[in-house]
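Reading through the structure tokens given below for one structure.
And the structure:
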């Protein structure tokens, strides 16, 4: 993972401080602070984690440990159109792995990466609760059911690529 230095502006630091303060800088509220911050910034680079740790009086290693433990959190910016392939049992049995392979091929990225143009990022989910539509793909909030590898190119083209 390449580490690009992120320069935070004063207003961004103040915004992070407001999130920490909203939860009274309580150590037990770290996950809530991280959720709120990620929803605002899209991801949690090291510099953001340092601001949170400092404001909440926590070691940076503690914040980093939480960010890297929970798969919901990311230190890499997501694409404009995040693509998630369900790899739960029903989807897996019905060919999700082949669908995933086709997305990787078409976008030329691996799981956890973002395309060079910043348009797409690729991830896997364990279950989206739509097993009757397996295999399932999410692009942002839109759900695609019964996806076959042949459908991948068309799905991508809906988002202008």
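Numbering (our numbering), first residue to last: 1304 to 1464.
Yeah, the Cβ is synthetic: ideal placement off N, Cα and C, and Gly gets one too.
Exercise. With DSSP collapsed to three states, give me the class of residue 1442.
Key: strand
Quiz item: Out of curiosity, what's the CA-to-CA distance linking residue 1320 and residue 1332?
Solution: 13 angstroms
Quiz item: Taking the continuous alpha helix (DSSP H) assigned at residue 1333, which residues delimit it?
Solution: 1333-1344
Quiz item: What residue ranges within the region 1376-1415 form continuous beta strand (DSSP E) runs of no fewer than 3 residues, ordered along the chain?
Solution: 1384-1389
Quiz prompt | Alpha carbon of residue 1445 to alpha carbon of residue 1388, nearest angstrom | solution = 12 angstroms
Self-check item: Sub-8 angstroms separation of residue 1375 and residue 1352 beta-carbons
Solution: no
Exercise. Indicate the three-state DSSP secondary structure (helix, strand or coil) for residue 1436 in the structure shown.
Key: helix
Quiz item: Does DSSP classify residue 1430 as helix, strand or coil?
Solution: coil
Quiz item: Once you ignore the five residues that flank residue 1412 on each side, which residues in its own chain have a CB closer than 6 angstroms to its CB?
Solution: 1418 and 1425
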